[in-house]
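Heads up, the sequence shown stops at 1306 in the working numbering, and the numbers go up one at a time, no gaps. Backbone N, C-alpha and C define an ideal beta-carbon position, used for all residues, glycine too.
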Amino acid sequence: MHFPGRLSALPPSSFAQLATLLDPHQPGKSPISLAIGDPNGAVPAFVSEAIAKHAKDFGVYPPINGSKEWREAAAKWLVTRFGLPGAAIDPEKNLLPLNGTREGLFLALFTVMPESKAGQRPVVLLPNPFYQCYAAAALSAGGEPVFVPATAATGFLPDYASLPKAVLERTAAVYICSPSNPEGACASESYWRSLFALAEQYDFAVFADECYADIYLNRPPASALPMRGAPYARLLTFHSLSKRSGLPGLRSGIVAGDAQMIERFRGFRNYAGPQVPLPIIAASTAAWSDEAHVIANREGYREKFRLAQRMLGNRAGFRIPEGGFFLWLDVGNGEETALKLWREAGVRTLPGAYMGREIEPGKTLTNPGFSYIRVALVNDLSTIMAALERMVEVLDTERA
Ligand SMILES: Cc1ncc(COP(=O)(O)O)c(C=O)c1O
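Right under this line is the structure:
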């Protein structure tokens, strides 16, 4: 399958590539998928109750701004979670509800893209590897995606400041993901500071994808809103209930930041944005207002990482990431290992290359994800234990 026109540079999605790699082969044992980051957990009762209570609202078109209760709960969460001064988020001006962060990460780009910058096609900077929506957005909005390696050498975050001046001058927007998918790297305070200085210098928008912000191992990572401070010039941040609350099926997130950018995005959403259904808004209001389920959720991930550490030891460069719920294992050749894990152990993982792009086209080794597999620790503990046991066996025969 190929896309036409400006989307022709988009390869099939990571999971379509994975199906092409694995599906022609029988799994060696009963299949376990550690490929998709589906949190898979129990749905908190307050979510189902809120949806049932507001089910009659499925009969009306929802407002683009959500409800007053939602706006206040979202603003309160942002202020509390990120330690912002009390009035630093105006619920009417600094935020909007999203049907999951993905649609916001995609659609908001259209509202910051000029026709040209420095007399040329505008550039959108992306980390490489990256969440695939960023590239689809860049191309759809008429930008040239520039893939910036996020490797062990750069602390698994893109070093945007190292790019040539000619590229930075054409840059209209950058995506930054922290904690990052797939590597679990977190931007430090100094990383944020230098990114915002660069945004000022070259006049570009910063899209901070922080959908994993509540899944961290030790301390909460530094975040974009407090680092930028009000009025959050040039900044939009994206937050999600998919990871924090383990509710990817709810499709519910927040975009927050620069009031002017939010105003423009609201205007654009009035044409093209999918409003969030009111029963979902009611459930989301409850979810942003409750921390108990998030603390339990986070503790669950800590336990899974401790288990992985015990089982994997120092195999494949194992490290506990600072945030997120993925292992990013350096296995030498991610595609080969993923196929082997499937054929011999029935374990489905994602080759890192499917989340990256070759820096030099045609040279697979220049894909920064080439030597990695991504392993999602989202199943229950005993399923993860069974999968890791089988993985250890395969990795050890590979090394032997
Ligand atoms: C880095 C990253 N950003 C955004 C998303 C989309 O999340 P949501 O469910 O909020 O649309 C995901 C989902 O996997 C992700 O990994």
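Check your understanding: With respect to the beta strand (DSSP E) encompassing Ile1082, which residues constitute its N-terminal and C-terminal limits?
Key -> 1077 to 1083
Practice item. Would you mind giving the Cβ-Cβ distance between Ala1114 and Pro1127, rounded to the nearest angstrom? I have them listed as a contact below 8 Å. Key: Going by Cβ atoms, the distance from Ala1114 to Pro1127 rounds to 11 Å, so no, they are not a contact pair.
Check your understanding: How big is the Cα-Cα spacing for Arg1175 and Pro969?
Key -> 11 Å
Exercise for review: Could you tell me which residues DSSP pairs with Ala938 in its beta bridges?
Suggested key: Strictly speaking, residue 938 in this sequence is Ile, with Ala absent from that position. Note: Ile938 sits in a beta bridge opposite Val1253.
Practice item. State yes or no: is the C-beta of Pro950 within less than 7 Å of the C-beta of His1145? Key: For the 7 Å CB-CB criterion, Pro950 and His1145 do not form a contact.
Practice item. On a CA-only basis, which of Gly1159, Ala1139, Gln1181, Leu1294 is nearest Ala1165? Give me that one, please. Key: The shortest Cα separation from Ala1165 among Gly1159, Ala1139, Gln1181, Leu1294 belongs to Ala1139.
Practice item. Keeping to the same chain, check which residues put their C-beta closer than 6 Å to that of Pro1055; ignore five residues upstream and five downstream. Key: Asn1034, Pro1274
Check your understanding: How should Pro1267 be labelled, buried or exposed, when 16 other C-beta atoms within 10 angstroms of its C-beta is the threshold for buried?
Key -> exposed
**Study point:** Three-state secondary structure (DSSP) of Ile957
**Key:** helix
Check your understanding: Around the C-beta of Glu1089, are 16 or more other C-beta atoms found within 10 angstroms, so that it is buried, or is it exposed?
Key -> buried
Point to revise | Cβ-heavy atom distance, Gly1152 to ligand 1, below 6 Å | key: Result no, Cβ not under 6 Å from ligand 1.
**Study point:** Gly1163 CB to nearest heavy atom of ligand 1 below 6 Å
**Key:** no
Point to revise | Nearest residue (CA-CA) to Cys1083, options Asn1239, Phe909, Thr1270, Arg1008 | key: Arg1008
Check your understanding: Taking just the CA atoms, how far does His908 sit from Pro1183?
Key -> When rounded, the distance between both Cα atoms is 33 Å.
Exercise for review: May I have a chain-ordered list of the beta strand (DSSP E) segments no shorter than 3 residues that lie completely inside the stretch 1215 to 1275?
Suggested key: 1232 to 1236
**Study point:** The alpha helix (DSSP H) enclosing Gly1010, as first and last residue numbers
**Key:** 1007 to 1016
Exercise for review: Could you spell out where the alpha helix (DSSP H) holding Leu1001 opens and where it closes?
Suggested key: Looking at the DSSP string, Leu1001 is not in any alpha helix (DSSP H); the run it does join, the beta strand (DSSP E), is 1001 to 1004.
Practice item. Would you check whether ligand 1 has a heavy atom nearer than 6 Å to the C-beta of Gly1006? Key: yes
Review point. What are the boundary residues of the beta strand (DSSP E) that Phe1036 is part of?
Key: Counting along the chain, Phe1036 falls outside any beta strand (DSSP E), and DSSP gives it neither H nor E.
Review point. Which first and last residues belong to the alpha helix (DSSP H) in which Phe964 is found?
Key: No residue range can be given for Phe964, since it is assigned to no alpha helix (DSSP H) and is classified by DSSP as neither H nor E.
Point to revise | Status (buried if at least 16 other CB within 10 Å, exposed otherwise) for Asn1220 | key: Counting Cβ neighbours within 10 Å, Asn1220 comes out exposed, since fewer than 16 surround it.
Review point. Phe964: buried (16+ other C-beta within 10 angstroms of its C-beta) or exposed?
Key: exposed
Point to revise | Own chain partners of Ser973 with C-beta closer than 8 Å, once the 5 adjacent residues on each side are dropped | key: Leu1184, Ile1187, Ala1188, Thr1191
Check your understanding: For ligand 1, any of its heavy atoms closer than 6 Å to the Cβ of Tyr1037?
Key -> yes
Review point. Thinking C-alpha only, which one of Ala980, Glu1197, Asp1236, Arg1296 is nearest Ala1058?
Key: Asp1236
Check your understanding: When you compare each of Ala1292, Gly1229, Thr1077 to Phe1110 by their alpha carbons, which one comes out closest?
Key -> For the residues Ala1292, Gly1229, Thr1077, the minimum Cα distance to Phe1110 belongs to Thr1077.
**Study point:** Backbone CA spacing between Lys935 and Arg1027 [nearest angstrom]
**Key:** 50 Å
Review point. If you draw a straight line from the C-alpha of Arg1225 to the C-alpha of Glu1205, how long is it?
Key: 18 Å
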